[in-house]
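Enquirer: Each protein sequence line maps, in turn, to chains U and S.
Using the working numbering, the letters of the first sequence correspond one by one to residues 1 to 297.
Using the working numbering, the letters of the second sequence correspond one by one to residues 298 to 594.
There are 2 protein chains.
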Amino acid sequence: MFTGLSAFPLTPVTPAGFDERGFIRILERITSAGADSIGVLGSTGSYAYLTRPQRSRIAGIAKSHAGNIPVMVCVGSVSTDEVLRLADDAQAAGADALLLPPVSYQTLRDDEVFGLFETLMQHVSVPVCIYDNPGTTRFEFSDELHGRIARLPGIRSVKIPGVPSSPDDARARVQRLKSTLPDGVTVGISGDASAATGLNAGCEVWYSVCGGLFPHAAKEITDAAARGERERVVQLSDRLQPLWSLFRKHGGSIRVMAAAAGALGLTDPDCLPRPLRPLSAGDIADVAAVIRSLALR
Amino acid sequence: MFTGLSAFPLTPVTPAGFDERGFIRILERITSAGADSIGVLGSTGSYAYLTRPQRSRIAGIAKSHAGNIPVMVCVGSVSTDEVLRLADDAQAAGADALLLPPVSYQTLRDDEVFGLFETLMQHVSVPVCIYDNPGTTRFEFSDELHGRIARLPGIRSVKIPGVPSSPDDARARVQRLKSTLPDGVTVGISGDASAATGLNAGCEVWYSVCGGLFPHAAKEITDAAARGERERVVQLSDRLQPLWSLFRKHGGSIRVMAAAAGALGLTDPDCLPRPLRPLSAGDIADVAAVIRSLALR
């Protein structure tokens, strides 16, 4: 399950609370497109804003609507004790894998992050993906630390943020990381605008926000990458530049994806947990126009 | 309660869990020194690593051991809903004031942070202090936003991180902020190494990590500041340079204060919640040596 397209859906949270029907509608788009895995409660899935009971319930709903597509559940928390409780809940809900970001409050040291993963791996029976996302966790991994953690039994993938924009630099960056990882641990790209460069640089999986709402568009890209069609990968991603531009304009993808889910009628236009707020009406109209013009699905 | 010395105690969490007896011993040092207020569950109080029931219990213990010293309770969480629940708990425990940091996961926009404070102020009856600490929250306040939030009824103080090291620059910085605040809203310095400069620049209160464990040393400084003895403030702080050096060396104060609490026999040397880990034995010995040489109390 740590190759191909891993779709990361939004978790719609409207003023009335978690929107279960909207979430199921989003999941159905992903299953109908045949994603290789589903990553629920990632950053775009707003795990950080939800209670433990909400996260447990959402993992269960994902599992019961995923068909035979494996489900990875993010168990991030600043507290190791809470990570273990969330891991218990996710496993009880049937999670096929867990995703762990080293969420920081106090700045973490390398030995503390290693200790966090070591404690989790001693506690769980399903495979785990390392979630490297300094923009939200504030922790910067070294390749050496990735390698040290990846040698813990059960680690199966590393989710990295963007790669350098030059194809040669991107390939060098991915190869340097891979040289520290044991066989069988894949590298996955996130940061959707970097996906084509990352896949062409040797990443085996796209942990994709775009794929959480537009799985057909994302799967075309990972399918082309799997066939080695590097130019086609770039073309398909370049076509989505208006979407990547919206992500840049709004300081990340989550508010854009929330606006898109609302524009598609999948949930309420106001579907982000507070303190997050929806884009302005004008910006939402721009998002809707981009979806229409690209015929995104 | 938003002037003078506000002491921010460590919350000791040993491998056996929250160390209530150790916490009470730490509180007793603060009350015996006559701090002007106690700020529990701040960053050094590890609020971010504790569950809601733990935070409620700790607020109650602080209140019942604070004598007539007012207690401020930090209610930080990335989720607005959780902030409101924590505020309910803190008020039920008898908190005299609340402290709110805009803890970020997704990067927050100014209107989102304003909305967070507006929602809290509509919900609570006790005064609130704005907690500006970009090092842990990842949110950078503008003076304009401070002023806008400070005009909400019930806001009584702004806790700022360090000030520029030059006294003139520090005074200009504090005056610029004060010009945006309504009368009756104080400015408090944190970042202990900056305290003397901040107090001499016009800050009315020191939100003090040092004061959480060495309240006599901290109170000497705020007492001198209250008497307008600016040179004495600088002298007293300069004497504590070996402590500030340890804070710098270890990337912040929390691991040093944990080592100090252990060295003083107040709690276990391993008293930080995971994933945080104690300093090495050698570094703990260095901390103990500094406490002894400065006769800190």
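From the three backbone atoms N, C-alpha and C, an ideal C-beta is built for every residue, glycine too.
Computed from a predicted model, the values in this text were never measured in an experiment.
DSSP three-state label for Leu537(S), please.
Expert: In the second sequence, residue 537(S) corresponds to position 240, counting from 1. In this structure, Leu537(S) counts as coil in the three-state DSSP scheme.
Enquirer: Need the endpoints of the beta strand (DSSP E) that Arg297(U) sits in, please.
Expert: The count along the first sequence starts at 1 and reaches residue 297(U) at position 297. Here Arg297(U) belongs to no beta strand (DSSP E), and DSSP marks it neither H nor E.
Enquirer: Considering only C-alpha positions, which residue in the set Asp333(S), Arg382(S) and Glu317(S) is nearest to Arg354(S)?
Expert: For the purposes of this step, residue 354(S) is identified with residue 57 of the second sequence, where counting begins at 1. The residue with the shortest Cα to Cα distance from Arg354(S) is Glu317(S).
Enquirer: Does the Cβ of His420(S) have 16 or more other Cβ atoms within 10 Å, making it buried, or fewer, making it exposed?
Expert: Residue numbering aside, residue 420(S) sits at position 123 when the second sequence is read from its first letter. With fewer than 16 Cβ atoms within 10 Å of its Cβ, His420(S) is classed as exposed.
Enquirer: Using 10 angstroms around the beta-carbon of Arg248(U), count the other beta-carbons present and answer buried if the total reaches 16, otherwise exposed.
Expert: Locating residue 248(U) in the first sequence gives position 248, where the first residue counts as 1. The residue in question, Arg248(U), is exposed, as its Cβ has fewer than 16 Cβ neighbours within 10 Å.
Enquirer: In terms of DSSP beta bridges, what is Thr186(U) paired with?
Expert: Reading the first sequence from its first residue, position 186 is the one you call residue 186(U). Thr186(U) is bridged to Ser157(U).
Enquirer: Identify every residue that forms a DSSP beta bridge with Val299(U).
Expert: There is simply no residue 299(U) to check, as chain U begins at 1 and stops at 297 in what is shown.
Enquirer: Taking 8 Å as the threshold (C-beta atoms), are Ser505(S) and Ala523(S) in contact?
Expert: By one-based count along the second sequence, residue 523(S) stands at place 226. By one-based count along the second sequence, residue 505(S) stands at place 208. A distance of 8 Å or more separates the beta carbons of Ala523(S) and Ser505(S).
Enquirer: List, from N- to C-terminal side, the beta strand (DSSP E) runs of 3 residues or more that fit wholly inside the segment 346-423 of chain S.
Expert: Taking 3 residues as the shortest admissible run, the segment 346-423 of chain S contains the following complete beta strand (DSSP E) segments, listed from N- to C-terminal end: 368-371 and 394-397.
Enquirer: Hey, could you find the ends of the alpha helix (DSSP H) Leu302(S) is sitting in?
Expert: For this step, residue 302(S) is matched to residue 5 along the second sequence. Leu302(S) -> not in any alpha helix (DSSP H); beta strand (DSSP E) instead, spanning Gly301 to Ala304.
Enquirer: Classify Glu409(S): buried if its beta carbon has 16 or more other beta carbons within 10 angstroms, exposed otherwise.
Expert: What you label residue 409(S) is simply residue 112 of the second sequence in a count that begins at 1. With 16 or more Cβ atoms within 10 Å of its Cβ, Glu409(S) is classed as buried.
Enquirer: By Cβ distance below 7 Å, which residues in the same chain neighbour Asp270(U) in space, the five residues on each side in sequence not counted?
Expert: Stepping through the first sequence from its first residue, residue 270(U) is reached at position 270. Around Asp270(U): Thr14, Pro15 and Pro278.
Enquirer: Can you give the Cα-Cα distance for Asp183(U) and Val455(S), rounded to whole angstroms?
Expert: Along the first sequence, read from residue 1 onward, the residue named residue 183(U) stands at position 183. Along the second sequence, read from residue 1 onward, the residue named residue 455(S) stands at position 158. For Asp183(U) and Val455(S), the distance between alpha carbons rounds to 52 Å.
Enquirer: Note down, one range per segment and in chain order, each beta strand (DSSP E) of at least 3 residues found wholly within the segment 455-524 of chain S.
Expert: 483-486 and 502-505
Enquirer: With Ala392(S) and Val425(S) assumed to form a contact (beta carbons below 8 Å), what rounded beta-carbon distance in angstroms separates them?
Expert: Position 95 of the second sequence holds residue 392(S). Position 128 of the second sequence holds residue 425(S). Contact doesn't hold; Cβ gap of about 10 Å is too wide.
Enquirer: What does the Cβ neighbour count give for Gly301(S), buried or exposed, with the cut at 16 atoms within 10 Å?
Expert: Here the question's residue 301(S) lines up with position 4 in the second sequence. That one is buried.
Enquirer: Report the residue from Ala558(S), Arg552(S) and Leu561(S) whose alpha carbon sits nearest the alpha carbon of Gln106(U).
Expert: The residue you call residue 106(U) lines up with position 106 of the first sequence. Checking every option, the nearest Cα to that of Gln106(U) belongs to Arg552(S).
Enquirer: Please list the partners that Gln175(U) has in chain S, where partner means a Cβ-to-Cβ separation under 9 Å.
Expert: Numbered from its first residue, the first sequence carries residue 175(U) at position 175. Within chain S, no residue comes near Gln175(U); the closest Cβ sits about 30 Å away, beyond 9 Å.
Enquirer: What does DSSP give as the partner residues of Thr622(S) in its beta bridges?
Expert: What is shown of chain S runs 298 to 594, which leaves residue 622(S) out entirely.
Enquirer: Could you give the distance in angstroms between the alpha-carbon of Ile61(U) and the alpha-carbon of Pro215(U)?
Expert: The residue given as residue 61(U) occupies position 61 in the first sequence. The residue given as residue 215(U) occupies position 215 in the first sequence. Rounded to whole angstroms, the gap between the alpha carbons of Ile61(U) and Pro215(U) is 19 Å.
Enquirer: Give me the subset of the segment 367-379 of chain S whose CB atoms are less than 8 Å from a CB atom of chain U, sorted by chain position.
Expert: Val375, Ser376, Thr377, Asp378 and Glu379
Enquirer: Over the uninterrupted beta strand (DSSP E) stretch that includes Ser37(U), give me the two end residues.
Expert: In the first sequence, residue 37(U) corresponds to position 37, counting from 1. Per DSSP, Ser37(U) belongs to the beta strand (DSSP E) from Ser37 to Val40.
Enquirer: Quick check: the Cα distance between Arg151(U) and Pro572(S), rounded to an integer number of angstroms?
Expert: To locate residue 151(U), count along the first sequence from 1; it is residue 151. To locate residue 572(S), count along the second sequence from 1; it is residue 275. Going from the Cα of Arg151(U) to the Cα of Pro572(S) covers about 19 Å.
Enquirer: If you measure beta-carbon to beta-carbon, which residues of the segment 304-318 of chain S are closer than 7 Å to chain U?
Expert: The residues in question: there are none.
Enquirer: Just how far apart, CA to CA, sit Gln388(S) and Leu396(S)?
Expert: What you label residue 388(S) is simply residue 91 of the second sequence in a count that begins at 1. What you label residue 396(S) is simply residue 99 of the second sequence in a count that begins at 1. Distance between the alpha carbons of Gln388(S) and Leu396(S) is about 12 Å.
Enquirer: Is Cys500(S) closer than 8 Å to Ile486(S) when the C-beta atoms are compared?
Expert: One-based indexing of the second sequence puts residue 486(S) at position 189. One-based indexing of the second sequence puts residue 500(S) at position 203. Contact: yes.
Enquirer: Would a C-beta distance cut-off of 8 Å place Gly212(U) and Met257(U) closer than the cut-off?
Expert: Residue 212(U) sits at position 212 when you count from the first residue of the first sequence. Residue 257(U) sits at position 257 when you count from the first residue of the first sequence. Yes, they are a contact pair.
Enquirer: Considering only C-alpha positions, which residue in the set Thr267(U), Ala281(U) and Ala260(U) is nearest to Arg297(U)?
Expert: As a working note, residue 297(U) is residue 297 in the first sequence. It is Ala260(U) whose Cα lies nearest to the Cα of Arg297(U).
Enquirer: As a quick exercise: from Ile69(U), Trp206(U), Asp268(U) and Glu82(U), pick the residue whose alpha carbon is nearest that of Tyr131(U).
Expert: The sequence position of residue 131(U) within the first sequence is 131, counting from 1. The residue with the shortest Cα to Cα distance from Tyr131(U) is Trp206(U).
Enquirer: Could you check how far apart the C-beta atoms of Arg176(U) and Asp143(U) are, in whole angstroms? I think they sit under 8 Å.
Expert: Counted from its first residue, the first sequence places residue 176(U) at position 176. Counted from its first residue, the first sequence places residue 143(U) at position 143. Contact flag correct, Cβ pair sits at about 6 Å.
Enquirer: Excluding the 5 residues preceding and the 5 following Ser577(S) in the sequence, name in chain order all residues of the same chain whose CB lies nearer than 7 Å to its CB.
Expert: As a position in the second sequence, residue 577(S) is number 280, starting the count at 1. Here the set comprises nothing.
Enquirer: For Glu112(U) and chain S, any beta-carbon pair shorter than 8 Å?
Expert: What you label residue 112(U) is simply residue 112 of the first sequence in a count that begins at 1. Interface residue, yes.
Enquirer: Just to confirm before moving on: does the CB-CB distance between Pro539(S) and Leu478(S) stay below 8 Å?
Expert: Residue 539(S) sits at position 242 when you count from the first residue of the second sequence. Residue 478(S) sits at position 181 when you count from the first residue of the second sequence. No, the pair does not count as a contact, with Cβ atoms beyond the cut-off.
Enquirer: Please say whether Thr416(S) and Arg453(S) have beta carbons closer to each other than 8 Å?
Expert: One-based indexing of the second sequence puts residue 453(S) at position 156. One-based indexing of the second sequence puts residue 416(S) at position 119. Note that the C-beta distance between Arg453(S) and Thr416(S) is not below 8 Å.
Enquirer: Please state the DSSP three-state secondary structure of Thr31(U).
Expert: For the purposes of this step, residue 31(U) is identified with residue 31 of the first sequence, where counting begins at 1. Helix, per DSSP.
Enquirer: Could you give the DSSP three-state label for Gly22(U): helix, strand or coil?
Expert: On the first sequence, residue 22(U) is found 22 positions in, with the first residue counted as 1. In the three-state reduction of the DSSP assignment, Gly22(U) falls in the helix class.
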